[in-house]
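Residue numbers (this note's numbering): 3 to 94.
For glycine and all other residues, C-beta sits at the position ideal for the given N, C-alpha and C.
Please read these numbers as outputs of a predicted model, since none were measured by experiment.
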Amino acid sequence: MQNQEPPKIEFPCPGYPIKVLGENADDFESFVIDTLKNLMPEDDIDLLGLKSSASRNGRFLSVTVKIVAQSEGHLSDIHQTFMSSTRVRMVL
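Below, the structure written as structure tokens:
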């Protein structure tokens, strides 16, 4: 079987999904949006396509939002910013 390289991302990359998982709280979705707004222009965030989903037992909430990713460094900054918060368990 041949090893396949992951597809290369061409930047800027519109429609790039970011999924943030954290404790289910009334303001978690707003926290995710506000954090993204601090990292990029609001026009680069697809707020209309935002999706939230609670875990089976309701303890966690995942928020998925599509953005315009500018570079690998930009994606790394987003990941590091979210992971530095005690509210966030995982970023995909």
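Look at the alpha carbon of residue i and the alpha carbon of residue j, and state the distance between them as a whole number of angstroms.
i, j, result
"residue 18", "residue 72", "10 angstroms"
"residue 52", "residue 40", "17 angstroms"
"residue 79", "residue 46", "15 angstroms"
"residue 48", "residue 28", "20 angstroms"
"residue 42", "residue 55", "24 angstroms"
"residue 44", "residue 15", "15 angstroms"
"residue 30", "residue 50", "17 angstroms"
Considering just the uninterrupted stretch of the alpha helix (DSSP H) at residue i, what are its terminal residues?
i, result
"residue 36", "30-41"
Span of the beta strand (DSSP E) holding residue i?
i, result
"residue 77", "First-last for residue 77: 74-85, but that is the alpha helix (DSSP H), not the beta strand (DSSP E)."
"residue 91", "90-93"
"residue 48", "47-56"
"residue 71", "62-71"
"residue 19", "15-25"
Find out if the Cβ-Cβ distance for the pair residue i, residue j is shorter than 8 angstroms.
i, j, result
"residue 11", "residue 38", "no"
"residue 89", "residue 62", "no"
Less than 8 angstroms between the CB atoms is what I'm expecting for residue i and residue j, so what's the real figure, rounded?
i, j, result
"residue 83", "residue 21", "Between residue 21 and residue 83 the Cβ distance is about 15 angstroms, and since that is not below 8 angstroms, they are no contact."
"residue 93", "residue 81", "5 angstroms"
"residue 26", "residue 60", "6 angstroms"
"residue 86", "residue 23", "Rounded, the Cβ-Cβ distance is 15 angstroms, inconsistent with contact."
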